[in-house]
Structure formats: C-alpha cells, structure tokens
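According to UniProt numbering, the sequence shown holds residues 1 to 180 in order.
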Amino acid sequence: FGFGSKWRSWIRGSLCSGKASILVNGCPTVEFQFHRGLKQGDPLAPFLFILVMESLHLSFSRAVEAGIFTGIKIDSSLTLSHLFYADDAVFIGEWSNGNLIGIMNILRCFSFLLGMSINIHKSHLLGIGVDVSVFEAANRICCSVMKAPFWYLGIMVGGNMSLVKEWDESIAKLKKKLSK
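As structure tokens, then:
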C-alpha cells in the first residue's frame, strides 16, 4: 500500500508488544507474549481490518482482470464480482466450476498470507437457474445452500425486485429510521 518504513515499524511494534495473563482463582498468571492477532479493544483493530479487507478486494479485482474469476457484466463498462460491508463478503459471478475453484484458491491464499479466513461453515452458496449443481458445489466446499428470497443487510433480496411493491417494506423501514 506504500506505507513508509517508520509507519510499518510502529504497526509492527504495536502488534508485537501485546502481552496478557490469565486469572486463575482470582490471581493473574505470569504474562505471556501474543503470537497472533490483536489485543482485545486495540484501537488499531478496525483500521487494520479495513487494510486486510482492502487486500482481499485487490486480490479479487486482479483475479477478475486475469480471468481467474468471472464476475457478472452489469453493462459494457461495469463488471460486478464482489461486495464487502463491515465483516461481510459477497462474491458474485458466473456459475462455473472454474469460478468456484477461483474463489476457493483466492480465499486459501488470503488465509495463508494474512492469517485470516472466511468461515466457510457460516457461508452460503446461491445459484440462480442451477438448482442441481448448487447442491453439488455446496457439498464440495462444505457450505450451505441459500434460497431466495433472503434478507441481506436489512433488505429482502429475491422474488421480483423489479416490481415497485417488492420495495415497500424496505422503504418503510428506511423512512422509520430516518424519522427518528
């Protein structure tokens, strides 16, 4: 990302200086050094998480450019392949074995290089118009199958979202929040 050596040494120092002890019968044990992760309540944690997720974003963008993963074309200038919000990730692409392998390989590299991983057991696979193969793919990567309609970030997705009436509930919720 182009951070200078001084900034990197500050972050490294912050990450390597974490120590903790455990209370046993009300008495703290001898302090020990953290070897992974951040201290609980570390003010740097949200910032560092954003940097890590940015690296996953860049990995997916480069995979799309290299043809390792094929997103869906919205129009001639826009291809949608992934969305990130807070600690939530959505990968969107053409239904193919190559795309599934591409996603899994990118996530394996992400986990290996950065020590973070997406919990595949909390993940869901949704296929549109591919009912039989979605179950086979979900079994292969050990995740569950999602069916439409479903809620995502407080909005119902699925059904016929091109109908105005399908948005009524979401618009009502938004108006209620804005009126507070």
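Glycine included, each C-beta is placed from N, C-alpha and C at the ideal position.
Let me see if you follow: with CB-CB separation under 7 angstroms, is S21 close to chain B or not?
The structure shown contains no chain B; it holds only a single protein chain.
Every unbroken alpha helix (DSSP H) inside the UniProt domain "Reverse transcriptase" (1-157) [4 residues or more]:
5-16, 45-66, 97-114, 131-141
Item to check | Minimum C-alpha distance to I128 - residue among F69, I22, A148 | outcome: A148
Span of the alpha helix (DSSP H) around E166 | Counting along the chain, E166 falls outside any alpha helix (DSSP H), and DSSP gives it neither H nor E.
Quiz item: Should M116 and V52 be called a contact, given that it needs their Cβ atoms to be closer than 7 angstroms?
Solution: yes
TODO: Mind reading off the beta-carbon distance from F91 to H57? Whole number of angstroms is fine, and I expect it under 8 angstroms.
DONE: That belief does not hold up - the Cβ atoms of F91 and H57 are roughly 11 angstroms apart, past 8 angstroms.
Using only the alpha-carbon positions, how far apart do S77 and E94 sit?
17 angstroms
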